[in-house]
Amino acid sequence: MACFFIGEDCDTAVRIWDGSGWNGLLGLRKLQNRCLMEVDSENRIRMHNDLRDLGRDIGEKEPPHRLWLSTDSLLHNLFDKLSVRGIGMVQKHGSEWPDPQSFKSLAALPDSRLLTNMSRLQVLKASGNCVESIFSIVHSPQLVCLSPQLVWLCWHSCPFTSLPSWIPLNKLRVLEIKGIELETLWPDEHQAPLLLRELIVDAPLSKIPESIGHLKNLEKLVLHQNERVEEINLKTFLDELCHLKSLKCLVLRKCPNLKLLPDSFVNLTNLEYIDLSGCFNLQKLPKCFWKLQNLQHIDLSGCMNSTTLPPGLWKSKKPPEIE
């Protein structure tokens, strides 16, 4: 909690803990009942600074270890720890991210202890080429594969056009990725992370994988930049998306080719929040929208005034808020 989740969305933390073999919701309630943390009005985790420092001290000293240090301190601690479960790269004010070459040089060292330490990696928050460099340690010839236990990957400034094949997706529960070079997520539709529960993408994608419709556990989908997505790909994606009955939150911003939503949106029975802001060519919402009884909020800011709301929307027992 103290090492990685302060400021994170509460639901995100629960999904990650569940993927790590714990009861995330139960653990969260226990921490709240003991006044060790709180959830603010924006559903984000907060913790007193003294408790945070105490928790981080314990996380660093007791196995399995959590590291959120930078540069030389992080590299030194990779050798010093018995088992590393999480790495969070911290970029302090005025400092630079650790040199990726430093991690690559570690991968070349014949120290089996380092490789063993990294083999249980579950949580990784990093930026740019540092992700590839850290994985080069774990993906050494001495190990069969790269950390198959990875459940959370937060990757900013991704330098690739799609997720590289050396990223382990089979147990991933939460993926947050940003990068101006990204064109799609996974190049092969068969690579879709089927256990994924949360996907946040801030990148100018030109193609949204249709296999997102196969992610039956997906609860939150956020796509921030969609100006380059072609209309035919968008239509296929939306048709596939409507199979995700577990989906609660959908954010599809800045999508000029979005004109209509399919009537099959009625299948998203658990949908609570939808954000279509910046979709200025959106003409109307499906008539079936009023059947989405769990819908609480619709964001249409930045859409044209001609966007038509279905009259039946007000038949809902509790009509959703509309921006």
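Residue numbers (this note's numbering): 2 to 324.
Don't be surprised by glycine CBs; every beta carbon is placed ideally from N, CA and C.
Count the other CB atoms, across all protein chains shown, that sit within 10 Å of the CB of residue i; report buried if there are 16 or more and exposed otherwise.
i: P320; result: exposed
i: R35; result: exposed
i: N50; result: exposed
i: K221; result: buried
i: E43; result: exposed
i: K246; result: exposed
i: R47; result: exposed
i: I168; result: buried
i: D276; result: buried
i: K31; result: exposed
i: L29; result: buried
i: W23; result: exposed
i: I181; result: exposed
i: N171; result: exposed
Could you tell me how far apart the beta carbons of residue i and residue j are, in whole angstroms, since I believe they sit closer than 8 Å?
i: N295; j: E273; result: 5 Å
i: T185; j: L206; result: 6 Å
i: L239; j: L262; result: 7 Å
i: S212; j: E228; result: 22 Å between Cβ atoms; not a contact.
Might you give, ordered along the chain, the residues of its own chain that have their beta carbon closer than 6 Å to the beta carbon of residue i, omitting 5 neighbours on each side?
i: G95; result: Confidence at G95 is low in this model, with a pLDDT of 43, below 50, so the placement of that residue should be treated as unreliable; the coordinate-derived value is given next. Counting only Cβ-Cβ distances below 6 Å, and skipping sequence neighbours, we find nothing.
i: G25; result: V15, W18, D19
i: E232; result: N258
i: L200; result: L176, L222
i: E9; result: I46
i: F6; result: A14, I46
i: V132; result: W156
i: L110; result: The predicted position of L110 is uncertain, since its pLDDT is 44 and thus under 50; a value taken from the coordinates is nonetheless stated next. Excluding sequence neighbours, L110 sits near nothing in its chain.
i: K249; result: E220, N271, E273
Pull the bridge partners of residue i from the DSSP assignment, please.
i: W156; result: A127, I178
i: C250; result: K221, Y274
i: E199; result: V175, K221
i: R47; result: E39
i: L261; result: K285
i: L244; result: Residue 244 is actually His in this sequence, not Leu. Per DSSP, none; premise fails for H244.
i: E322; result: H298
Going by beta-carbon coordinates alone, are residue i and residue j separated by less than 9 Å?
i: K208; j: H244; result: no
i: Q192; j: L164; result: yes
i: F266; j: L293; result: yes
i: P194; j: L173; result: yes
i: K1; j: N282; result: Outside the modelled stretch of the chain, which goes from 2 to 324, sits residue 1, for which no answer is possible.
i: L269; j: L242; result: yes
Check whether chain D comes within 9 Å of residue i, counting only Cβ atoms and requiring the distance to be less than that.
i: T270; result: Absent from the structure is chain D; it holds one protein chain and no more.
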